[in-house]
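As given, the protein sequences belong to chains A and B, one line each in that order. Just so it is clear: in the first sequence, position 3 is 64 by the working numbering, and no numbers are missing. Just so it is clear: in the second sequence, position 78 is 363 by the working numbering, and no numbers are missing. Below is one structure; the comments refer to it alone.
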Amino acid sequence: SQTIHQWPATLVQPVGSPLSLECTVEGTSNPNLYWYRQAAGRGLQLLFYSVGIGQISSEVPQNLSASRPQDRQFILSSKKLLLSDSGFYLCAWSVQNSYEQYFGPGTRLTVT
Amino acid sequence: SQQGEEDPQALSIQEGENATMNCSYKTSINNLQWYRQNSGRGLVHLILIRSNEREKHSGRLRVTLDTSKKSSSLLITASRAADTASYFCATAILTQGGSEKLVFGKGTKLTVNP
Numbered sequence: 062s063q064t065i066h067q068w069p070a071t072l073v074q075p076v077g078s079p080l081s082l083e084c085t086v087e088g089t090s091n092p093n094l095y096w097y098r099q100a101a102g103r104g105l106q107l108l109f110y111s112v113g114i115g116q117i118s119s120e121v122p123q124n125l126s127a128s129r130p131q132d133r134q135f136i137l138s139s140k141k142l143l144l145s146d147s148g149f150y151l152c153a154w155s156v157q158n159s160y161e162q163y164f165g166p167g168t169r170l171t172v173t
Numbered sequence: 286s287q288q289g290e291e292d293p294q295a296l297s298i299q300e301g302e303n304a305t306m307n308c309s310y311k312t313s314i315n316n317l318q319w320y321r322q323n324s325g326r327g328l329v330h331l332i333l334i335r336s337n338e339r340e341k342h343s344g345r346l347r348v349t350l351d352t353s354k355k356s357s358s359l360l361i362t363a364s365r366a367a368d369t370a371s372y373f374c375a376t377a378i379l380t381q382g383g384s385e386k387l388v389f390g391k392g393t394k395l396t397v398n399p
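This is the structure we're talking about:
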């Protein structure tokens with residue numbers, strides 16, 4: 062069966078520090094991968110999605126970036142965090158040409 | 286603005302009662318999905334209804350879709366305390382690159398009191 066992992070589960074970082082969040086998927090090949098951010102009490106905002114290795118599409122211009130170095134690995138990064146980067150970050154995957162998405166457990170990021 | 290908007294934003298009911306949540310959207314869709322999120326957790330896919338379907342059932346869940354009104358509803362029958370969660374609708378829209386992405390509403394927070 063397929064599983065999706067995210068780490069860390071929680072993170073507290075000072076403003077201006079770098080960020081690296083990792084997401085990996087097991088049990089499937091060539092998935093579509095997604096990064097979302099959810100502010101407190103709000104819906105999900107799509108940040109990046111990827112249909113293959115090295116293929117990243119950005120939805121919202123900001124100081125975040127994403128990379129897909131391997132088929133089932135998706136990384137969210139920042140060189141310098143802002144206070145506004147605080148939130149709940151969710152990684153998700155889907156089968157190619159399928160609409161259903163499967164979410165990881167999320168990372169709670171607090172920028173202080 | 287959001288493609289999908291859930292209504293109400295919050296709903297509190299007693300165990301055993303039915304819960305109805307609504308979703309409205311703006312553009313034509315191929316399908317509409319409902320997801321559930323327990324507090325502080327990831328989202329879980331509940332059900333997908335295609336644009337040519339009017340109603341779909343899954344256990345205690347019943348989803349309806351009215352494409353003429355661009356709206357959908359999620360009914361949870363005989364609610365339980367464990368149904369307490371936020372519920373989101375999601376619709377797929379085309380990206381500039383030609384692929385499709387999901388756009389989520391802000392969700393309905395359901396509280397089922399024991």
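Where a beta carbon is used, it is the ideal one built from N, C-alpha and C, also for glycine.
Taking 8 Å as the cut-off, the beta carbon of A:E120 is found closer than this to the beta carbon of A:L107. Taking a beta-carbon distance threshold of 8 Å, B:N307 does not count as an interface residue toward chain A.
Using a Cβ-Cβ distance cut-off of 8 Å, the segment 293-304 of chain B and the segment 138-153 of chain A are not in contact, since fewer than three pairs of beta carbons, one from each stretch, lie closer than that value. Remark: C-beta atoms of B:E290 and B:T393 do not approach each other more closely than 8 Å. In this chain, the beta strand (DSSP E) harbouring A:E83 covers L80 to E87. By alpha-carbon distance to B:S343, the top candidate from B:N337, B:L331, B:K354 and B:S353 is B:L331.
For A:G104, the chain B residues whose Cβ falls inside 7 Å of its Cβ are Q287, F373, F389, G390, K391 and G392, in order along the chain. Using beta-carbon distances, B:K311 does not count as an interface residue toward chain A, since no partner is under 8 Å. Between A:E87 and chain B, the shortest Cβ-Cβ separation is not below 8 Å. If you look at A:V156, you'll find it isn't in any beta strand (DSSP E); DSSP assigns it neither H nor E. Residue pairing from DSSP places B:D292 in a beta bridge opposite B:N307.
Counting other Cβ atoms within 10 Å of its Cβ, A:G165 reaches 16 or more and is therefore classed as buried. Taking a contact as a CB-CB distance under 8 Å, the pair B:N303 and B:S364 counts as one, their CB atoms being some 7 Å apart. Contact between A:Y110 and A:Q162 fails: their C-beta atoms lie close to 10 Å from each other, not under 8 Å. Residue pairing by DSSP leaves B:A366 without any beta bridge partner.
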